[in-house]
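A quick write-up on the structure given underneath.
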Amino acid sequence: MKRNLSHLSLMFPRRLMSSSQTPTQMSFDYAREIKNMYAQQGGAGYKRNGVLKVGTSLAGEDIQTLMHYVPPSGQVQILAVSSAGSIYLLEGESWQVKYSGLNPQDKVRWVHFAGKLVFCNGLDAVMSWNGEAVEVVCEYIQEQGGNLLYVSENTFSVESDATLYPTGKELRLENAAGDVVESVVASASQSGNVTTVTMQTDVVDSTLTSVALKEYPPKFQHLYAAHDSVWGDLTCNIELFLKCRWHSGCDYTCHKLGRKP
Numbered sequence: 206m207k208r209n210l211s212h213l214s215l216m217f218p219r220r221l222m223s224s225s226q227t228p229t230q231m232s233f234d235y236a237r238e239i240k241n242m243y244a245q246q247g248g249a250g251y252k253r254n255g256v257l258k259v260g261t262s263l264a265g266e267d268i269q270t271l272m273h274y275v276p277p278s279g280q281v282q283i284l285a286v287s288s289a290g291s292i293y294l295l296e297g298e299s300w301q302v303k304y305s306g307l308n309p310q311d312k313v314r315w316v317h318f319a320g321k322l323v324f325c326n327g328l329d330a331v332m333s334w335n336g337e338a339v340e341v342v343c344e345y346i347q348e349q350g351g352n353l354l355y356v357s358e359n360t361f362s363v364e365s366d367a368t369l370y371p372t373g374k375e376l377r378l379e380n381a382a383g384d385v386v387e388s389v390v391a392s393a394s395q396s397g398n399v400t401t402v403t404m405q406t407d408v409v410d411s412t413l414t415s416v417a418l419k420e421y422p423p424k425f426q427h428l429y430a431a432h433d434s435v436w437g438d439l440t441c442n443i444e445l446f447l448k449c450r451w452h453s454g455c456d457y458t459c460h461k462l463g464r465k466p
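Convert by adding 205 to the 1-based position in the sequence shown; the result is the number in our numbering.
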């Protein structure tokens, strides 16, 4: 392109040969090498064979995001997020719905991590696809407070913060025999540094040994995978923002950064 903006010159393959075709797909006269078809040369850097239409249209819905995932079988899966907040899997030439209920007001963004496809939209919980089903990313985090005590069949106490036990919080309790039960918090009260938690059901064993709280990553707007961690961006439009390093087992720690890079 010349610098004189009144005159525009664009390069085009000789004899109008399309650079999106390979030489073997054209007649002998046109079967000549073009530099932008080959790696280490100019242009696109690889052979371009055009695009193919895959799948049928979604009636009444538009595809907003396409994602891909490679399960252990090695067969690439293509997933689509629709304008109605549904996630579809391409099976043959048809789309099969795998999840419904996403908020369609923001774009879904995704990364591959720990053998899964992990995605977010800043409005719903962080989710993952394992090749068969969509799951909400979560993990039980063990209570680290001391003096865990049995009070009654539905109540225990621990040296912890009552704000960790809001009504409806899901807990996992384990006894000395290794039996594990799950239940939901009915109420919690704090006196000094001791929190007393009452469960909705009678699941507290007199040999209670540990309590774990079900935790979820923040509702990230963006995800970035690097090495053994996933980094999530909460507020990408302001200078101060938060990233969480997601360790193996879905446990995560938060790091507040000074400015958006």
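Every residue gets a Cβ at the ideal spot worked out from N, C-alpha and C, and that includes glycine.
Sort the options by Cα distance to residue i and report the nearest one.
i: E348; options: A264, V435, L378 and G397; result: L378
i: S299; options: K258, Q426, V342 and V386; result: K258
i: Q395; options: D384, G383, P276 and V363; result: V363
i: C435; options: G297, I283, L271 and W315; result: The amino acid occupying residue 435 in the given sequence is Val; Cys does not appear at that position. For the residues G297, I283, L271 and W315, the minimum Cα distance to V435 belongs to W315.
i: G320; options: G437, D438, L439 and A430; result: A430
i: V356; options: V402, G279 and Q426; result: V402
i: N335; options: K303, Y345, D366 and G351; result: K303
i: A391; options: N398, D407, V399 and A381; result: D407
i: F318; options: L263, Q282 and L428; result: L428
i: T412; options: T400, A382 and S305; result: A382
Under the DSSP definition of a beta bridge, which residues are partnered with residue i?
i: F324; result: W315 and M332
i: F361; result: Y355 and V402
i: T270; result: V286
Buried or exposed for residue i, please, with buried defined as at least 16 other CB atoms from any protein chain shown within 10 angstroms of its CB.
i: E238; result: With a pLDDT of 45 at E238, under the threshold of 50, the modelled position of that residue is not reliable, and the figure given next carries that caveat. Exposed, since its Cβ has fewer than 16 Cβ neighbours within 10 Å.
i: V385; result: exposed
i: D438; result: buried
i: V331; result: buried
i: L514; result: Because the chain is modelled from 206 through 466, residue 514 falls outside the range shown and cannot be assessed.
i: T400; result: buried
Ignore the nearest five residues each way along the sequence and tell me which others in residue i's own chain have a CB closer than 6 Å to its CB.
i: D267; result: S288
i: D329; result: L307 and N308
i: Y345; result: R377, A417 and K419
i: T270; result: V286 and V313
i: N326; result: D311 and V313
Taking only beta-carbon atoms, is residue i less than 7 Å away from chain B?
i: N335; result: Absent from the structure: chain B. Only one protein chain is present.
Apart from the five residues on each side of it in sequence, which residues of its chain come closer than 7 Å, Cβ to Cβ, to residue i?
i: T372; result: V390, A391 and S392
Spell out a yes or no on whether the region 421-439 and the region 358-377 are touching, meaning 3 or more CB-CB pairs, one atom from each, closer than 8 Å. With a cut-off of 8 Å, the region 358-377 and the region 421-439 do not count as touching, because too few Cβ pairs lie within range.
Counting Cβ pairs closer than 8 Å, one from the region 328-342 and one from the region 288-308, do we hit at least three? Contact holds between the region 328-342 and the region 288-308, because three or more Cβ pairs, one in each stretch, are under 8 Å apart.
Spell out a yes or no on whether the region 303-310 and the region 408-417 are touching, meaning 3 or more CB-CB pairs, one atom from each, closer than 8 Å. Contact fails: fewer than three Cβ-Cβ distances are below 8 Å.
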